[in-house]
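Heads up: the sequence lines are chains A and B, in that order. Residues in the first sequence are numbered from 1 upward in steps of one, following this note's numbering. Residues in the second sequence are numbered from 1001 upward in steps of one, following this note's numbering. Think of the CB as a built atom: it goes at the ideal place given N, C-alpha and C, for glycine as much as any other residue. Predicted model, so just to flag it, every value in this text is computed and none were measured.
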Amino acid sequence: GENVEQHPSTLSVQEGDSAVIKCTYSDSASNYFPWYKQELGKRPQLIIDIRSNVGEKKDQRIAVTLNKTAKHFSLHITETQPEDSAVYFCAAKSGGSNYKLTFGKGTLLTVNP
Amino acid sequence: DTEVTQTPKHLVMGMTNKKSLKCEQHMGHRAMYWYKQKAKKPPELMFVYSYEKLSINESVPSRFSPECPNSSLLNLHLHALQPEDSALYLCASSHITSGPRGDTQYFGPGTRLTVL
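Following this line, the structure appears as structure tokens:
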């Protein structure tokens, strides 16, 4: 089955700096890669996603890049703000499944004012 | 309505109790999911229903019994749970087909379950 590794497990940045979180996946048939943000005690919320036919996607301060050859994808947050502090999970959906997402272990991002 | 709702928000139960968790969505999604999430861990898939039929059971113990009475509702019946079953139980929903509409899973706020 699919295996997703996520790094780093914790990341601390100063407000205004950029943050990068990286994930690798094992199944070359995976075709959908969402990123979820989960604040303490809240639900996971989709912040951006990318499909395997696209190399990069951007939404304001957030961008995701995908390298299918190397089987890795990354989340980039620019001009970080304290409200960006949360746990971020990457995930991958295998092309063989309509339903199952395999999650990375999460990154605790802390943005210091 | 673009939200998944769950009740109750919190639940405390003893090991001999029977209780149920409820999930509802009105986004026209025909796939619904139960996840279990322990502290500082990612969500862990338990069950998937598609078109109100059980599609995936991730080898979940029989003390957890899912039910999908209609396309908007999903229940999780709990019986004889163990303290290690204490966790946040998340419901999610999505469209069925793969592609731009089908891939995204929307999560509910979860039920925080404590088993004494």
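Proximity test, residue i beta-carbon vs the ligand SAM heavy atom, cut-off 7 angstroms
i	result
asparagine 1070 (chain B)	The ligand SAM is not part of this structure, which contains no ligands at all.
Whole-angstrom distance between residue j and residue i, CA atom to CA atom
i	j	result
histidine 7 (chain A)	isoleucine 1096 (chain B)	31 angstroms
leucine 1054 (chain B)	lysine 1009 (chain B)	25 angstroms
glycine 1110 (chain B)	leucine 1090 (chain B)	4 angstroms
arginine 51 (chain A)	arginine 1063 (chain B)	37 angstroms
glutamine 1105 (chain B)	lysine 42 (chain A)	16 angstroms
arginine 1112 (chain B)	tryptophan 1034 (chain B)	13 angstroms
leucine 108 (chain A)	serine 9 (chain A)	6 angstroms
leucine 11 (chain A)	proline 1069 (chain B)	43 angstroms
glutamate 1067 (chain B)	phenylalanine 1047 (chain B)	10 angstroms
asparagine 1017 (chain B)	leucine 40 (chain A)	28 angstroms
proline 34 (chain A)	methionine 1015 (chain B)	37 angstroms
aspartate 1085 (chain B)	glycine 1 (chain A)	25 angstroms
threonine 1114 (chain B)	glycine 1108 (chain B)	18 angstroms
Beta-carbon spacing of residue i, residue j below 8 angstroms
i	j	result
glycine 65 (chain A)	glutamate 79 (chain A)	The question names glycine, but residue 65 (chain A) is threonine in the sequence shown. No, they are not a contact pair.
threonine 69 (chain A)	valine 4 (chain A)	no
valine 20 (chain A)	serine 85 (chain A)	no
serine 26 (chain A)	lysine 93 (chain A)	no
lysine 58 (chain A)	glutamine 45 (chain A)	no
lysine 1019 (chain B)	alanine 1087 (chain B)	no
glycine 95 (chain A)	alanine 29 (chain A)	yes
histidine 1077 (chain B)	serine 1093 (chain B)	no
methionine 1120 (chain B)	tyrosine 1049 (chain B)	This structure leaves residue 1120 (chain B) out entirely; chain B is present only between 1001 and 1116.
asparagine 1071 (chain B)	glutamate 1024 (chain B)	Checking the sequence shown, residue 1071 (chain B) turns out to be serine, not asparagine. No. Outside cutoff.
leucine 1074 (chain B)	glutamate 1058 (chain B)	no
lysine 22 (chain A)	isoleucine 1056 (chain B)	no
isoleucine 77 (chain A)	arginine 61 (chain A)	yes
Candidates the options: closest to residue i by CA position
i	options	result
lysine 1036 (chain B)	B:His1029, B:Leu1021, B:Met1013, B:Asn1017	B:Leu1021
valine 1012 (chain B)	B:Ser1094, B:Gln1082, B:Gly1108, B:Leu1090	B:Gln1082
proline 1043 (chain B)	A:Tyr88, A:Ser30, A:Cys23	A:Tyr88
aspartate 17 (chain A)	A:Glu2, A:Gln81, A:Gln60, A:Ser9	A:Gln81
histidine 1029 (chain B)	B:Thr1007, B:Met1046, B:His1077, B:Gly1102	B:Gly1102
serine 97 (chain A)	A:Ser9, A:Ile77, A:Tyr32, A:Val13	A:Tyr32
methionine 1027 (chain B)	B:Trp1034, B:Asn1017, B:Val1004, B:Gly1014	B:Val1004
histidine 1079 (chain B)	B:Pro1061, B:Phe1107, B:Pro1069	B:Pro1061
threonine 24 (chain A)	A:Pro113, A:Gly104, A:His76, A:Val111	A:Gly104
Backbone secondary structure at residue i - three-state DSSP
i	result
glutamate 79 (chain A)	coil
aspartate 59 (chain A)	strand
proline 8 (chain A)	coil
aspartate 49 (chain A)	strand
glutamate 1084 (chain B)	helix
Interface residues of chain B facing residue i [CB-CB closer than 8 angstroms]
i	result
proline 44 (chain A)	Pro1043, Leu1090, Phe1107
lysine 105 (chain A)	Lys1041, Pro1042
aspartate 49 (chain A)	Asp1103, Thr1104
Where residue i meets chain A, residues with beta-carbon distance less than 8 angstroms
i	result
valine 1048 (chain B)	Tyr99, Lys100
glycine 1110 (chain B)	Arg43
alanine 1031 (chain B)	Asn98, Tyr99
Neighbouring residues, chain B, relative to residue i (Cβ below 9 angstroms)
i	result
phenylalanine 89 (chain A)	Pro1042, Pro1043
Under 9 angstroms by beta carbon: chain A residues contacting residue i
i	result
serine 1055 (chain B)	Asn98, Tyr99
Contacts that residue i makes with chain B (C-beta to C-beta distance below 7 angstroms)
i	result
lysine 93 (chain A)	Asp1103
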